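Visitor: From first to last, the protein sequence lines are chains Z and V.
Take the position in the first sequence, starting the count at 1, then add 757; the result is the number in our numbering.
Take the position in the second sequence, starting the count at 1, then add 1; the result is the number in our numbering.
All C-beta atoms in this analysis are idealised placements derived from N, C-alpha and C, irrespective of residue type, glycine included.
Quick caveat, the model's predicted, so the values are computed rather than measured.
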Amino acid sequence: MMKQSGPKFLFAVVCFSGLIFCAASPQSSILELTQLKGLNFVLQNSPTTQKYLIETMPGGIALLDYNDDGLLDIFMVNGGRVLDPMKTEDFDRHDPRYWNRLFRQNKDGSFTDVTEHAGLANAGDGNYGMGVAVGDYDNDGYPDIYVTNYGKNTLYHNNGDGTFTDVTEKAGVAAGGWSVSAGFLDYDNDGKLDLFVTRYMEWDTKHSKSCGAEWHTYCPPEEFPVTTNILFHNNGDGTFTDVSQRSGIASSKGRALGLAFADYDDDGFTDIFVSNDGMRQFLFHNNGNGTFTENALEAGAALSQDGRRMSGMGVVFQDYDNDGRPDIVVTELPREIFSLYHNDGGGFFEYRSLETGLGVLSSGSSGWGVGLEDFDNDGWKDLFVAQSHVLDNVEDIDPSLHYKQLPLLAMNHNGRFESVDPGTTVPAASRGAAFGDLNNDGWQDVVVSVLGGAPQVFMNRGGNQHWLTISLRGTRSNRDGYGARVRVNGQTRYATATGSYLCSNDKRLHFGLGAAQTAKIEVLWPSGIHQSLADVHADQFLEIREPEKP
Amino acid sequence: MIHVLILLWLSSQAASPDALSHLQTGITAEKEHHIDVAIAEFRKATDLDPNLAEGFMSLGQAYLENREYDRAIAPLKHAVDLKPDLLPAHQLLGYALLVEGYAEEAIPHLERAHETAALGIAEVNAGRLKEAVTHLQAALEERPNDPDLLYYLGRASGLLSKQSIDTLVAAYPDSARAHEAMGENYFVLRQMPQAEREFLAALKLRPDTPELHLELGDVYAKSSQWDKAEVEFRAQTKMQPGNAEAAYRLGSALLQEGKAHEAREQLIRADHLRPQMPEVLYSLGKAAFLEGDTAAAEKAWIDLLSIEKESDLAAQTHFALAGMYRRQGKTAEAQHEMQEFQKLQNITPGQPPAGQQQ
């Protein structure tokens, strides 16, 4: 039924150990900017004087255990070469500098680049990389990788032997246009993971333009036409069917960037939140019959408190105040403040950025990747946001704004957020943020993608509080258990790897337990099966297998 | 009309009949918009009678109608030389000179013609700003809300203000007022660090200067430094407890910081000091709502909607009311307010707002 194992302290984060270099930061921060040995990657966004919009948007990160050795590996999406100006849309992805990269974690905590061996070396010369989604779409126990691009997207099937096969054509999930965030979900609870892909706008390099008159900068989204998102239904035979029209998803055109899933109205079906740039947000309510209704406006999750449209970028859909209902946090541009939509129940949300302190913490920032994770294991999910302005010359336009910024780390005190030292004093052009327990010590870590630079890894220093990390093993439900609602000692997590911006998080569900040494666990599987476990010991990685029968 | 009067008057004068005939033909052609014909006829009239001031004036007017301003100037000048009291010629000459950029030269002719609107514009261009303001205000009394006049009055006032500030900064560069003025300039240019530096320097020199804390607070508010903005707005309200704007700004800053109770106190004060200000009522409603006093929030917002019905603020207020009613379970009221909001915002559910559908 369930498999227990002791805490895997595979390594402790020891500065100057030879494996890991810890950048100087005050001891007060729970996170620490750390350089992981072997994680040699530079995100090539290739900025040009043409100010092609794609240059300022990548790149995704996935934290996944692709070889099932119990250690999180890291997949990094790369941009591509951009000529100044582009004559043909060739991003030179056969050049190793522009490859996406898979880094396998070794037992000593170092990483080895296994991209070529894994069969992930060439991303297609017509593709400029954006994001990544991870899910076991064929329920074979090995996570598969879906990479989004400006161009055609790619689905890599995990062969289970350390290699992947590009199955895009057979699966029928190439999409096209400018795809951004993507995620696997089981929207019809048939036990097979479906795929949702957000797309930003109707844009290509031939129809690009720059804006800002004398400042010559990237254009605002309103300059380009809206476009549709895509929903692919998993047929269960290795192929997918585009059901965007049939499901109602395509009837709402937007400028989508972020994506997150949760069952916000507790009807047993996964709903979809899409953050849109420069317009209102989308909340696709799952009608339970294969169709969706976009009702963000009616539900109170479309606009700011003042009814203004927003520059929605990253999004997370989890319960921040432990009332059992998933809430929404959307990251935005400066002066807009990040939006926190509290789930009031009954299918309605209330804007609570000011009451929660998030307003004052975010009014000068520009946020991308975002996560609600319990970094100090006190039983309350804290907030981490990768921050940086969209425009690389924003200081010329408005000197009070900054292109490179520090991340936001805000600790959650009974539902109110307070900013603390994020673990670095080095501002960066951050974009994606992926969350997971890299060193299996029971404390959540963060990997952030940086335009034109190496990723920033924030290792958690840990502490004395207790924790519990749960892996779901679906049997009737999809094998990853995506879509399950898991309650532990009054906290709720919605099982998904999707959320943030462009990224795929550690699929394991992490709970801080505070002083509690045991936990009561309730799982509501997508199949509808309820499962309860009592007196579960803290400080362990626990796999919960779905009962075969209700 | 001018031409009819000219002809009536000329017929009683000793003008050449041939010249008068060409003048008449030219006037007819001009009426029929055959400007080139009119010009040719007026030229013949002035060739036949070189002392025919009205002929030169008509020639100049025809050039003006043909937008040949440079060619209009010479015959019009000749007309006023021949007959200095021919006011329509002065008026036309003033226009032609103004269009050609000879503002200084245009002024006496426009003065003679009592053409206050064009005179005001010429004075703006000639840098005679005080006189320009006087004349443009007089012209606006006759033509209220004329966009050109409003523009030039604004420009004249702005330039006049700049002139005063330039004099101040040049004469007393280290004075508190000079720093304040520089701070205001930087604020307009959105150069907030520089604006902050200047306002702080002014405060150091003259801490009791009215409005300085308010201006510095605005700098902090603009760059979302709400804690610092709160300090400055609080200082301003202490110095000027009767300043409604300061109370409103302080309330707004506190609201941004999530300090609903304190915000509400200040916003109530602002509402007492200057009742029925829509912005104050909107924020007051927000603060009351955050405190859970939905009755007070509803009252403030409904008061606002009785003042403003179609503005952005009215739309925001409908949106806020919809949220509040939804929370209270008043579905019908919530739907009504959302419809009002959508009407003002031109939003169709399931589609992007107007202007984004491409």
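On the criterion of 16 or more Cβ atoms from any shown chain inside 10 Å, does Gln359(V) qualify as buried, or is it exposed?
Guide: Counting from one through the second sequence, the residue named residue 359(V) turns up at place 358. Only weak support exists for where Gln359(V) lies, its pLDDT of 36 falling under 50; the coordinates are left without a value.
Visitor: Give me the DSSP bridge partner(s) of Gly1128(Z).
Guide: Stepping through the first sequence from its first residue, residue 1128(Z) is reached at position 371. Its beta-bridge partners are Phe1141(Z).
Visitor: What is the residue span of the alpha helix (DSSP H) that Gly252(V) lies within?
Guide: Stepping through the second sequence from its first residue, residue 252(V) is reached at position 251. It spans Ala245 to Gln257 - the alpha helix (DSSP H) in which Gly252(V) sits, taken as one unbroken run.
Visitor: Looking only at DSSP bridge pairs, what is Met278(V) linked to?
Guide: Position 277 of the second sequence holds residue 278(V). DSSP, once it has assigned bridges, lists no residue as partnering Met278(V).
Visitor: Check whether the stretch 76-90 of chain V and the stretch 55-68 of chain V are in contact - that is, three or more C-beta pairs closer than 8 angstroms.
Guide: Yes, the stretch 76-90 of chain V touches the stretch 55-68 of chain V.
Visitor: Can you pull the chain Z neighbours of Arg328(V), defined as C-beta to C-beta under 9 angstroms?
Guide: As a position in the second sequence, residue 328(V) is number 327, starting the count at 1. Here the neighbours are Gly1057, Asp1101, Phe1105 and Glu1107.
Visitor: Exposed or buried, which one is Lys844(Z) when buried takes at least 16 other CB atoms within 10 Å?
Guide: The sequence position of residue 844(Z) within the first sequence is 87, counting from 1. Answer is exposed; the Cβ neighbour count stays below 16.
Visitor: Rounded to whole angstroms, what's the CA-CA distance from Glu334(V) to Phe1026(Z)? Just pull it up for me.
Guide: Along the second sequence, one-based indexing puts residue 334(V) at 333. Along the first sequence, one-based indexing puts residue 1026(Z) at 269. Approximately 29 angstroms between the Cα atoms of the pair.
Visitor: At a cut of 8 angstroms, does the stretch 1066-1086 of chain Z reach the stretch 1017-1035 of chain Z through at least three beta carbon pairs?
Guide: yes
Visitor: At least one CB of chain V closer than 9 angstroms to the CB of Glu1112(Z): is that the case?
Guide: Within the first sequence, the letter at position 355 stands for residue 1112(Z). True, the Cβ-Cβ gap to chain V drops below 9 angstroms.
Visitor: If contact is defined by three or more beta carbon pairs under 8 angstroms, each pair taking one atom from either stretch, is the stretch 880-896 of chain Z in contact with the stretch 839-859 of chain Z?
Guide: The stretch 839-859 of chain Z vs the stretch 880-896 of chain Z: in contact.
Visitor: Can you give the beta carbon distance from Ala1241(Z) to Leu1229(Z), rounded, assuming they're within the 8 angstroms contact cut?
Guide: Indexing the first sequence from 1 puts residue 1241(Z) at position 484. Indexing the first sequence from 1 puts residue 1229(Z) at position 472. At roughly 6 angstroms, the Cβ-Cβ gap stays under 8 angstroms, so Ala1241(Z) and Leu1229(Z) are in contact.
Visitor: Please report the straight-line C-alpha distance between Phe1049(Z) and Val1127(Z), rounded to a whole angstrom.
Guide: Mapped onto the first sequence, residue 1049(Z) falls at position 292. Mapped onto the first sequence, residue 1127(Z) falls at position 370. A direct Cα-Cα distance of roughly 25 angstroms separates Phe1049(Z) from Val1127(Z).
Visitor: Put Ser782(Z) into one of helix, strand or coil per three-state DSSP.
Guide: Taking the first sequence and counting its residues from 1, one reaches residue 782(Z) at position 25. Residue confidence is low: Ser782(Z) scores 41 on pLDDT, short of 50, so the model does not pin down where it sits. Its coordinate-derived value is still stated next. If DSSP states are grouped into helix, strand and coil, Ser782(Z) belongs with coil.
Visitor: By how many angstroms is the C-alpha of Arg1236(Z) removed from the C-alpha of Gln1274(Z)?
Guide: Looking up residue 1274(Z) in the first sequence gives position 517. Looking up residue 1236(Z) in the first sequence gives position 479. In a straight line, the C-alpha of Gln1274(Z) is about 29 angstroms away from that of Arg1236(Z).
Visitor: Is the beta carbon of Gly929(Z) less than 9 angstroms from the beta carbon of Val904(Z)?
Guide: Reading the first sequence from its first residue, position 172 is the one you call residue 929(Z). Reading the first sequence from its first residue, position 147 is the one you call residue 904(Z). No, Cβ-Cβ distance for Gly929(Z) and Val904(Z) is not below 9 angstroms.
Visitor: Please compile the residues from chain Z whose C-beta is within a distance smaller than 7 angstroms of the C-beta of Gly259(V).
Guide: Reading the second sequence from its first residue, position 258 is the one you call residue 259(V). Per Cβ cutoff of 7 angstroms: Leu1111, Glu1112, Gly1114, Gly1116 and Val1117.
Visitor: DSSP puts Cys976(Z) in a beta bridge; with which residues?
Guide: What you label residue 976(Z) is simply residue 219 of the first sequence in a count that begins at 1. Per DSSP, none; premise fails for Cys976(Z).
Visitor: Would you say Leu217(V) reaches chain Z, if we count a Cβ-Cβ gap shorter than 9 angstroms as a contact?
Guide: Within the second sequence, numbered from 1, the residue matching residue 217(V) stands at position 216. Chain Z, which has no Cβ nearer than 9 angstroms to the Cβ of Leu217(V), makes this no.
Visitor: State the start and end residues of the unbroken alpha helix (DSSP H) segment that holds Ala140(V).
Guide: In the second sequence, the residue the question calls residue 140(V) occupies position 139. That run of the alpha helix (DSSP H) goes Leu130 to Glu143.
Visitor: Identify the residues that DSSP records as bridge partners of Glu1175(Z): which are they?
Guide: Position 418 of the first sequence, counted from the first residue, corresponds to residue 1175(Z). According to DSSP, Glu1175(Z) bridges with Met1168(Z).
Visitor: Below 8 angstroms, can you find three or more Cβ-Cβ pairs linking the stretch 1271-1289 of chain Z to the stretch 1046-1066 of chain Z?
Guide: no
Visitor: So Leu314(V) and Leu322(V) are in contact, right, with Cβ under 8 angstroms, and what is the actual spacing, rounded?
Guide: Mapped onto the second sequence, residue 314(V) falls at position 313. Mapped onto the second sequence, residue 322(V) falls at position 321. Wrong, their Cβ atoms sit about 13 angstroms apart, outside the cutoff.
Visitor: Quick one: grab the DSSP three-state call for Lys1161(Z).
Guide: To locate residue 1161(Z), count along the first sequence from 1; it is residue 404. If DSSP states are grouped into helix, strand and coil, Lys1161(Z) belongs with the strands.
Visitor: Using only the alpha-carbon positions, how far apart do Glu116(V) and Pro145(V) sit?
Guide: One-based indexing of the second sequence puts residue 116(V) at position 115. One-based indexing of the second sequence puts residue 145(V) at position 144. Rounded to whole angstroms, Glu116(V) to Pro145(V) spans 16 angstroms at the Cα level.
Visitor: Starting from Ala316(V), find everything on chain Z with Cβ-Cβ shorter than 8 angstroms and list it in chain order.
Guide: Here the question's residue 316(V) lines up with position 315 in the second sequence. Per Cβ cutoff of 8 angstroms: Gly1064.
Visitor: Quick check on the DSSP output: the beta strand (DSSP E) that includes Glu1300(Z) runs from which residue to which?
Guide: In the first sequence, counting from the first residue as 1, residue 1300(Z) sits at position 543. Where Glu1300(Z) is concerned, the enclosing beta strand (DSSP E) stretches over Gln1297 to Arg1302.
Visitor: On the criterion of 16 or more Cβ atoms from any shown chain inside 10 Å, does Pro276(V) qualify as buried, or is it exposed?
Guide: Residue 276(V) sits at position 275 when you count from the first residue of the second sequence. By the neighbour-count rule (16 or more Cβ atoms within 10 Å), Pro276(V) is not buried but exposed.
Visitor: State buried or exposed for Ala781(Z), treating a residue as buried only when at least 16 other CB atoms are found within 10 Å of its CB.
Guide: Reading the first sequence from its first residue, position 24 is the one you call residue 781(Z). In this prediction, Ala781(Z) has a pLDDT of 40, which is less than 50 and means its spatial position is unreliable; nothing more can be read from the coordinates.
Visitor: Enumerated in chain order, which unbroken segments of the beta strand (DSSP E) with a length of 3 residues or greater are wholly contained in the stretch 902-931 of chain Z?
Guide: 911-915 and 921-923
Visitor: Alpha carbon to alpha carbon, what distance is there between Leu1129(Z) and Met325(V)?
Guide: Looking up residue 325(V) in the second sequence gives position 324. Looking up residue 1129(Z) in the first sequence gives position 372. Cα to Cα, Met325(V) sits roughly 27 angstroms from Leu1129(Z).
Visitor: Does Gly1015(Z) get closer than 9 angstroms to chain V when you measure Cβ to Cβ?
Guide: Reading the first sequence from its first residue, position 258 is the one you call residue 1015(Z). Not one chain V Cβ lies under 9 angstroms of Gly1015(Z).
Visitor: Does Ala781(Z) come within less than 9 angstroms of chain V when only Cβ atoms are used?
Guide: The residue you call residue 781(Z) lines up with position 24 of the first sequence. With a pLDDT of only 40 at Ala781(Z), under the threshold of 50, the placement of this residue in the model should not be trusted; the figure read from the coordinates follows. So no, Ala781(Z) is outside the interface.
Visitor: Who are the Cβ neighbours of Leu206(V) in its own chain at under 6 angstroms, not counting the five residues just before and after it?
Guide: Along the second sequence, one-based indexing puts residue 206(V) at 205. Closer than 6 angstroms at Cβ, skipping near neighbours: Ala177.
Visitor: With a threshold of 9 angstroms between beta carbons, is Gly439(V) in contact with chain Z?
Guide: The shown model of chain V, from 2 to 359, leaves out residue 439(V), and the question about it has no answer.
Visitor: With a 10 Å radius around its C-beta and 16 neighbouring C-beta atoms as the bar for buried, classify Ile777(Z) as buried or exposed.
Guide: To locate residue 777(Z), count along the first sequence from 1; it is residue 20. Reliability of the predicted coordinates at Ile777(Z) is poor, the pLDDT of 42 falling under 50, and the value obtained from them is presented with this limitation in mind. Answer is buried; the Cβ neighbour count reaches 16.
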